[in-house]
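**Q**
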Amino acid sequence: MTFLAPWFLLAAVAASAGVVALHFFARQRPRAAILPTARFVPDLPARSRGRSNRPADLLLLAMRVMGVLLAGLAFAQPIREPSRRPLARVVAIDISRAARPDSAFARQLRTLFRQGDVLVVFDSAARVVRGSVLDSVRTLVRSTARGSLSAGLIASLRARDSLSRDADSVELVLVSPLAIEEWDAATASIRALWPGPIGLERMPAMVDTTKGRLAIDFRGDDADPLRATVALLGAASVASDSGAVRLVRGIPTAADSGWARQADRVLLAWPVEASEVSQRVAKGTTEGGRLESDTVGGVIAGDAMLVAQFSRSASPSSGRVIARWVDGEPAATEVALGAGCLRSVAVPVENRGDFALRKSTRDFVAELSAPCGGRRHYTPLPDWAISLLAGGGPARKTATLRRDRDRRSPATPWLLGGALLTAALEPLVRRTRAT
Numbered sequence: 000m001t002f003l004a005p006w007f008l009l010a011a012v013a014a015s016a017g018v019v020a021l022h023f024f025a026r027q028r029p030r031a032a033i034l035p036t037a038r039f040v041p042d043l044p045a046r047s048r049g050r051s052n053r054p055a056d057l058l059l060l061a062m063r064v065m066g067v068l069l070a071g072l073a074f075a076q077p078i079r080e081p082s083r084r085p086l087a088r089v090v091a092i093d094i095s096r097a098a099r100p101d102s103a104f105a106r107q108l109r110t111l112f113r114q115g116d117v118l119v120v121f122d123s124a125a126r127v128v129r130g131s132v133l134d135s136v137r138t139l140v141r142s143t144a145r146g147s148l149s150a151g152l153i154a155s156l157r158a159r160d161s162l163s164r165d166a167d168s169v170e171l172v173l174v175s176p177l178a179i180e181e182w183d184a185a186t187a188s189i190r191a192l193w194p195g196p197i198g199l200e201r202m203p204a205m206v207d208t209t210k211g212r213l214a215i216d217f218r219g220d221d222a223d224p225l226r227a228t229v230a231l232l233g234a235a236s237v238a239s240d241s242g243a244v245r246l247v248r249g250i251p252t253a254a255d256s257g258w259a260r261q262a263d264r265v266l267l268a269w270p271v272e273a274s275e276v277s278q279r280v281a282k283g284t285t286e287g288g289r290l291e292s293d294t295v296g297g298v299i300a301g302d303a304m305l306v307a308q309f310s311r312s313a314s315p316s317s318g319r320v321i322a323r324w325v326d327g328e329p330a331a332t333e334v335a336l337g338a339g340c341l342r343s344v345a346v347p348v349e350n351r352g353d354f355a356l357r358k359s360t361r362d363f364v365a366e367l368s369a370p371c372g373g374r375r376h377y378t379p380l381p382d383w384a385i386s387l388l389a390g391g392g393p394a395r396k397t398a399t400l401r402r403d404r405d406r407r408s409p410a411t412p413w414l415l416g417g418a419l420l421t422a423a424l425e426p427l428v429r430r431t432r433a434t
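In numbering that gives the first Met the number 0, the protein residues as written are 0 to 434.
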């Protein structure tokens with residue numbers, strides 16, 4: 000048993016001592032004395048104060064002391080603390096596309112867990128796994144999403160708060176390939192929120208088989224300007240199904256979707272006309288009822304920026320944004336499609352001029368043809384980043400981490416009710432004793 004606000008209990012004890020002390024000062028009828036006249040004697044009960052060797056009216060004293068102590072206990076908020084263990088552990092496991100867990104590593108993972116530990120799994124997002132942790136470790140499935148160490152650390156911080164009430168210290172074990180693509184601008188700041196060191200278990204990383212691979216199966220007219228762009232990239236696929244990317248100048252067919260589902264392939268839907276894109280930019284219509292388009296001066300995809308005067312009259316389908324206009328609006332999106340992905344592009348291509356021959360256009364097409372989920376960087380983090388993640392020093396006690404102001408005592412309403420009840424009965428008892 001402990002108290003969230005023990006000073007209220009101390010104040011109640013002091014007040015009770017004062018009540019007991021006052022009961023030693025008893026009021027009683029004074030000894031009779033003969034007066035020569037009663038003219039100046041007030042018509043009031045004759046009482047005098049005096050000290051007594053025992054408290055007067057023990058029942059009334061008990062009720063008053065009980066009321067003060069119950070009120071003090073209520074405001075002190077007693078809570079029952081569960082049994083605490085010396086150390087609890089949060090294990091955060093990376094299941095992103097950069098991770099390559101094998102059977103030997105899975106057996107090693109199971110040795111990290113103890114009863115009551117918390118499992119966090121993360122890729123681009125993170126979640127806390129409830130229930131049987133060991134069974135969950137056996138059934139973990141690697142995802143195709145890019146990993147985020149920031150997401151894993153944030154979920155671990157939340158899991159730490161739930162463990163801090165049951166353990167003296169909480170440690171974090173981070174199981175990850177620690178690939179450079181998983182580090183972002185917020186990772187260092189979030190790492191600073193975890194007090195103490197972090198245990199790092201290095202998981203084998205995947206090998207990027209898409210590096211240097213760019214084979215585009217172009218599906219469009221021979222006079223299409225993008226055909227020249229693909230040829231200048233040196234990415235034109237000889238065999239119709241051998242490319243890792245299929246660029247369709249129109250609406251993809253069911254056969255195109257089936258091709259992308261079979262493997263890690265990119266289906267690039269780049270309509271020739273804006274009317275073939277599912278959504279339109281709401282900019283009003285002209286007098287003739289035609290869709291009015293707006294103009295924008297450039298589009299950005301990854302590190303590639305294409306500057307031109309575009310007449311924008313459509314927006315891509317909903318999905319993960321992979322390219323944006325310079326005003327921040329989506330220009331191309333990506334959605335998962337089986338083992339591959341479908342990318343919708345709403346960037347008009349000018350038939351005249353040197354638009355298709357520019358280097359910036361080639362770079363833009365190359366960015367749109369990157370592997371599903373974006374370019375892969377499985378290179379390990381540099382030493383300074385690993386040292387920052389690991390930290391140093393002993394695990395900090397969780398007593399400094401808990402926020403008692405957020406906790407409530409279930410006994411407080413009952414104790415307050417008892418204090419109010421004794422306060423209500425005290426006048427009745429006092430009148431009864433007086434009569």
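Quick reminder that beta carbons are idealized off the backbone N, C-alpha and C, glycines included.
Keep in mind it's a predicted model, so treat the numbers as computed, not measured.
1) What does DSSP give as the partner residues of V117 in its beta bridges?
2) Use the C-beta contact count for D326: other C-beta atoms within 10 angstroms, 16 or more gives buried, fewer gives exposed.
3) How big is the Cα-Cα spacing for A410 and A75?
4) CA-CA distance, F7 and I153?
5) Going by alpha carbons, who is nearest to L246 out of L57, A158 and W269?
6) Three or more C-beta pairs under 8 Å: does that hold for the segment 259-267 against the segment 361-371?
7) T228 to G392, Cα distance in whole Å?
8) Go ahead and label V19 buried or exposed: buried means 16 or more other beta carbons lie within 10 angstroms of its beta carbon, across all protein chains shown.
9) With burial defined as no fewer than 16 other Cβ atoms inside 10 Å of the residue's Cβ, what is the status of V206: buried or exposed?
10) Which of the three DSSP states is assigned to E200 in this structure?
11) Going by DSSP in three states, V280 sits in which element: helix, strand or coil?
12) Name the DSSP bridge partner or partners of L3?
13) In chain order, what are the residue ranges of uninterrupted alpha helix (DSSP H) at least 4 long that sit wholly in the segment 290-353?
14) Between which two residues does the alpha helix (DSSP H) containing V364 stretch?
15) Taking the beta strand (DSSP E) that I215 falls in, what are its first and last residues?
16) Using beta-carbon positions only, say whether L172 and R159 come within less than 8 Å of one another.
17) Please list the terminal residues of the continuous beta strand (DSSP E) segment that includes D167.
18) Just the C-alpha distance for C483 and S317, rounded to the nearest angstrom, thanks.
19) By Cβ distance, which residues of its chain are closer than 7 Å to V271, with the 5 residues on each side in sequence left out?
20) Quick one: what's got a C-beta closer than 6 Å to L72's C-beta in the same chain, skipping five residues either side?
21) Starting from V265, trace the beta strand (DSSP E) in both directions and tell me its first and last residue.
22) Considering only the alpha carbon of each residue, which of P100, R430 and P347 lies closest to P315?
23) Please name the residue or residues paired with R126 in a DSSP beta bridge.
24) So, at 7 Å on beta carbons, what are the nonlocal neighbours of R226 in its own chain, with the 5 sequence-adjacent residues on each side left out?
25) Report yes if the C-beta distance between A303 and F354 is below 8 Å; otherwise report no.
26) In this structure, how does DSSP classify P426 when only helix, strand and coil are distinguished?
27) Are A178 and P379 closer than 8 Å when you measure CB to CB?
28) Taking its Cβ as the centre, do 16 or more other Cβ atoms sit within 10 Å of I385, making it buried, or is it exposed?
29) Taking R245 as part of the beta strand (DSSP E), name the residues at either end of that continuous run.
30) Just curious, the alpha helix (DSSP H) that A73 is in, first and last residue?
**A** Let me spell this out:
1) Bridge partners of V117: V89.
2) Of the residues assessed, D326 falls on the exposed side of the cut-off, its CB having fewer than 16 other CB atoms within 10 angstroms.
3) The straight-line gap separating the alpha-carbon atoms of A410 and A75 is approximately 10 Å.
4) About 37 Å.
5) Per the Cα distances, W269.
6) Touching, yes, given that three or more Cβ pairs across the two stretches are closer than 8 Å.
7) Approximately 56 Å between the Cα atoms of the pair.
8) So V19 counts as exposed.
9) Within a 10 Å sphere around the beta-carbon of V206 sit fewer than 16 other beta-carbons, which makes this residue exposed.
10) E200 sits in a strand when the DSSP states are folded into three classes.
11) Legend: pLDDT at V280 = 47, less than 50; position of this residue unreliable, value from coordinates given subsequently. Here V280 sits in coil by DSSP.
12) Answer is none; L3 lacks a bridge partner.
13) Fully enclosed alpha helix (DSSP H) runs of 4 or longer: not present.
14) Its alpha helix (DSSP H) spans residues K358 to L367.
15) Start and end: I215 to R218.
16) Reading the sequence as shown, one finds Val at residue 172 and not Leu. No; because the gap between Cβ atoms is not below 8 Å, this pair is not in contact.
17) In the DSSP assignment, D167 falls within the beta strand (DSSP E) that extends over A166 to S175.
18) The question about residue 483 has no answer here: the residues shown for the chain are numbered 0 through 434.
19) Only residues of its own chain outside the window of five on either side were considered, and among them R248 and G249 have a CB closer than 7 Å to the CB of V271, listed in chain order.
20) For L72, where only same-chain residues beyond five positions count, the Cβ hits under 6 Å are L414.
21) Looking at the DSSP string, the run of the beta strand (DSSP E) that includes V265 is V265 to A268.
22) Comparing C-alpha distances from P315 to each of P100, R430 and P347 shows the shortest one belongs to P347.
23) According to DSSP, which records beta bridges pairwise, R126 is partnered with V120.
24) Excluding positions up to five away in sequence, the list reads F217 and G219.
25) No Cβ-Cβ contact shorter than 8 Å links A303 with F354.
26) DSSP places P426 within a helical segment (H, G or I) once states are collapsed to three.
27) Taking 8 Å as the Cβ cut-off, A178 and P379 qualify as a contacting pair.
28) Around the Cβ of I385, a 10 Å sphere holds fewer than 16 other Cβ atoms; the residue is exposed.
29) It spans V244 to V247 - the beta strand (DSSP E) in which R245 sits, taken as one unbroken run.
30) Per DSSP, the unbroken alpha helix (DSSP H) holding A73 starts and ends at L57 to A75.
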